[in-house]
Amino acid sequence: MIPSNTSTIEPLDWFPKRFQPGDMDSTGGDRLLGRTELSALEILVRETAQNSWDARLDDQRPWYGVHLRRADWRLRADLDRLLPDRNRRTPGTHLPDAPFVLEIFDRGTTGLDGPVTLRPVLGDAPRNFQDLILKLGVPRDDGKGGGTYGFGKTASYAFSRRGTVLYWTRCYNEEGRLEHRLIASAFGDSYVESGVQYTGRHWWGRLDEDSVAPLLGDEAEAVGRRFFERGFGPGETGTSMLILDPDLSPVSLGSDVADDEQPQWSESDAAAEFGVRARSAIRVHLWPKLVARPGEHDTPMQITLDVDGERKDLIGEPIGALALWGAGLNAIRSARQTVPGKVATAQNMPVEVFPITRLGKTLGHLAIVRRILALESPAMHDDLDPLHSPAVERIALMRGQPELIVETVDWVAQSPIEGVEWLAVYKASDDWDATYARTEPPAHDHWIASSGGEEGLVVRATKTRASKHIRDTLYPEPEAIQSESVPVRTGNLSRRFASLLPARLDPVAPDRPPRTANGRRARSATRVHRVEASAPRLVTTLDDGRQRQSIDFTVKADAPRSLVKISVSAIGDEGVHEPLPPDELSLTWSGAESVGLAQAIVAPDQLVAVDFTAIGRRALRIDLSAEAPDGIH
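In structure tokens, the structure reads:
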């Protein structure tokens, strides 16, 4: 922002919109676009960030910034001159007592390119200036975009107590040259003046016959540099908006204040509360943009938040639940990119990924992330942790290409198992983005299962199948109680709890001495061989759907060696066990001596791992037993 010199500012021309057939008043747009339970600040952050992401350039990492700063008397005087309040019907651009302005910008984006008038645009030619500045409610219908120039646009005006926003953009014009553009716009009440009806929409620019055009070129750049903190670097394109007199009330910020306890905030208090709420809104709704893809250092989008001259840390230390959500998202990213290796949490807990299918087609992928509370205490006041934040449920939903949070839901109404926490990420397949998008309201904050036709069926199928995977994985049905003489098996329980809690395979079967010729057993000391094992963990899923799993175990015995045997069975729908042939398991033993297809010699207290390959998407029963090798007692 350059120093103020009011004598060099030329006032912009005011253009109020007259009613034409089919027009609605400016407040009607709000009603048409619907309501949401999100706060005004959350809507503002979600929609402006989504529009910035949609406008990103293919070869650049986009930058989205939010900057609340004080409006000193010089800035207010400059605004009074630029946007003269010559008519009592304007929303009120005169700012004698407005303490703040809110600057939101993006860089590495296309900017508001395309025609600056409403002349027709053919084919895929850009029309971003038309859509954001001159129209209302222009969605993308291909599912690739996260937002629209409708709900998000009204959100920016609604967040201004004056209903007024100043736009400065730099883009390539239709001749292929870089061009600065600047225009102001406002939403107010409809009115009648001199027998003419007006919609309540206003623009300030340069009058062009029966319309208004933005400032262009050097003139636009000079004014933009005057009012905006963040300028444009060499060759840089993007858009900045300046929201005049932002609404920092508790209701607008979504602060938890009772109706009869509205605080009397000072300016500093209001700025501090904005910082807390804006940080939370960015983290809760934009966290996928804070998670670098596997093998990459930079996050998909640079996001910054500055409040009253202070840069806010959006990650925090410890990272907390963001790392868990990120592990879930990256597990899906890796699965789709066939990146070697599996994604695990900071506790080294593998993340399981399940395809969600309908009629043989993959609608998306579900990642289930586990956390053992005994190993990691949740960070207090973590706005991304379902344990502490009432605004966050356990399952995050997002479309595939935008990778922006639609909402978090709780489709599994069961309490977590004691000591174990979980969350899940569902990411739609790119091919199904458009279908999910058609079920969303204008705020893009919900997938409506009651939507008619194919779209509603897809949402209902997603909920049903994702819920089943979560229940099967995290809430197994109890095993039947077995007699003491039968070895305890991991079975279904071990498969479902993969790497969650230590499981004991505890066949306490004492070795018996051989019989003598008369049939009586010889007198000999009885020795016990006992297996202690963890639950199986998934190593990888093969191209044909089979799964490679691994079990860690030790043998407790008062003998120098034990013979360990493994058998694996698939469990059918009726509970029937189907033993899998040992020669099809591709068994490998680590820390033990293999002496057959499905057995190995193991020393006591030696950590051993056995890996095997089995049929996928089937419940498995895995039996490990230990005994004395022949000739050793």
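To convert, take the position in the sequence shown, counting from 1, and add 219; that gives the working numbering.
C-beta atoms are modelled at their ideal positions from N, C-alpha and C, and glycine is treated no differently.
The structure displayed is predicted, hence computed values, not measured ones.
Skipping 5 residues on each side, what residues in its chain have a beta carbon closer than 8 Å to that of residue i?
i, result
"P230", "R300, L301, L302, P303"
"I228", "D297, R300, L301, V442, R445"
Taking the CB atoms as reference points, tell me whether residue i and residue j lie closer together than 8 Å.
i, j, result
"S404", "Y417", "no"
"G322", "E529", "In the sequence on display, residue 322 carries Glu and not Gly. Their beta carbons are not under 8 Å apart, which means E322 does not touch E529 by this criterion."
"V787", "A845", "no"
"P597", "G539", "yes"
"L401", "L434", "yes"
"W282", "R326", "yes"
"P801", "A789", "no"
"A653", "G619", "no"
"D664", "L257", "yes"
"R280", "Q556", "no"
"I501", "L533", "yes"
"A847", "S781", "yes"
"V431", "D232", "yes"
"P507", "I624", "yes"
"D842", "T807", "no"
"P465", "F319", "yes"
"W666", "E659", "yes"
"I575", "R690", "no"
"Y645", "A615", "yes"
"L294", "S379", "no"
Leaving out the 5 sequence neighbours to the left and right, which residues in its chain are closer than 7 Å to residue i when beta-carbon positions are compared?
i, result
"V415", "R237"
"G810", "Q825, L826, V827, A828"
"D855", "Summary: the structure shown does not reach residue 855, with the chain confined to residues 220 through 852, and so no result is reported for it."
"H600", "H607"
"R496", "L260, L472, G473, S474"
"R765", "T832, A833, I834, G835"
"R498", "L524, K531, L533"
Taking only the alpha-carbon atoms, compute the straight-line gap between residue i and residue j and give it to the nearest angstrom.
i, j, result
"L543", "G514", "17 Å"
"A546", "V588", "7 Å"
"P733", "I770", "In this prediction, P733 has a pLDDT of 42, which is less than 50 and means its spatial position is unreliable; what the coordinates show is noted afterwards. Spanning the two alpha carbons is a distance of roughly 32 Å."
"G382", "F234", "15 Å"
"V631", "R590", "17 Å"
"A259", "E751", "55 Å"
"G333", "P519", "26 Å"
"L603", "D475", "17 Å"
"A643", "T329", "34 Å"
"R657", "V677", "11 Å"
"T760", "P798", "20 Å"
"W292", "D525", "21 Å"
"R577", "A565", "33 Å"
"V611", "L385", "34 Å"
"S553", "A838", "25 Å"
"A593", "V814", "38 Å"
"E793", "T681", "Confidence is the limiting factor: at E793 the pLDDT is only 47, short of 50, which leaves the residue's position unreliable and the question unanswerable from this model."
"H421", "L337", "16 Å"
"R749", "V774", "6 Å"
"R756", "H688", "16 Å"
"L331", "S459", "10 Å"
"E803", "T692", "25 Å"
"G419", "D517", "44 Å"
"Q633", "P609", "16 Å"
So who's on the other strand from residue i, going by DSSP bridges?
i, result
"R840", "S788"
"M460", "I323, Y386"
"D232", "G424"
"T760", "Q766"
"E622", "In DSSP, E622 forms no bridge with anything."
"L616", "E626, Y645"
"P848", "Partner(s): none; P848 has no beta bridge."
"G419", "For G419, which the question treats as bridged, DSSP gives no partner whatsoever."
"P798", "S788"
"P779", "Note: P779 sits in no beta bridge, so no partner."
"G284", "F324, T523"
"S379", "P465"
"E412", "V415"
"V404", "A quick correction: the sequence has Ser, not Val, at residue 404. DSSP, once it has assigned bridges, lists V384, W422 as partnering S404."
Apart from the five residues on each side of it in sequence, which residues of its chain come closer than 6 Å, Cβ to Cβ, to residue i?
i, result
"A374", "I262, L263, E266"
"N206", "With the chain represented from 220 up to 852, any question about residue 206 goes unanswered, as that position is not in the structure."
"L505", "A268"
"A179", "Nothing about residue 179 can be read from this structure; the chain reaches only from 220 to 852."
"L467", "A489, F493"
If we require 3 or more residues per run, which beta strand (DSSP E) segments fall completely within the stretch 500 to 585? 521 to 526, 571 to 577
Unbroken alpha helix (DSSP H) runs of length 4 or more, entirely within the stretch 804 to 840: which are they? none
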